[in-house]
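Presented below is the structure to which this report refers.
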Amino acid sequence: EEESDNEENFIDLNVLKAQTYRSDMNETAKHEEILQSTTDAAEWNLEVERVLPHLKVAVRTDNKVCKNRFQCVHMVIKGYLDKLHNEISRTLEKINSREKYINNQLEHLVQEYCSAQALLSE
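To convert a position in the sequence shown, counted from 1, into this note's numbering, add 1201.
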């Protein structure tokens, strides 16, 4: 009984492949139907020439878009410089942090060295 329940939960891959193949063939047929035109090319060109003067092209400019080439270049360079500044700042912070860590780790050795130096000088 359990085996029959488990068999019902499985999908036969051959059936799935056949269904996929059939749906792909149907889609291909639909695309071919769409691509077949019944309009004469000369009629189409005449219609385009008739409608062309009525078409309008609207170019909307965004106020945030740069107004001239200098402004565009300035914006791009400023972006690169800001990014570079941030990277350099992070690197300097890491260097300072590591320097403090090393100084703390070696502080007792520096004190021993100074005391040994003082003993030798006496």
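Backbone N, C-alpha and C define an ideal beta-carbon position, used for all residues, glycine too.
Given the structure is predicted, the values throughout are model-derived calculations rather than measurements.
How would you call residue 1204, buried or exposed, if buried means at least 16 neighbouring beta carbons within 10 angstroms? Per-residue confidence for residue 1204 stands at a pLDDT of 49, beneath the threshold of 50, marking its modelled position as unreliable; no derived number is given.
Residue 1256 (DSSP reduced to helix, strand or coil): coil
Can you give me the C-alpha to C-alpha distance between residue 1289 and residue 1282, rounded to a whole angstrom? 10 Å
Expressed to the nearest angstrom, what Euclidean distance is found between the alpha-carbon atoms of residue 1243 and residue 1255? Distance between the alpha carbons of residue 1243 and residue 1255 is about 20 Å.
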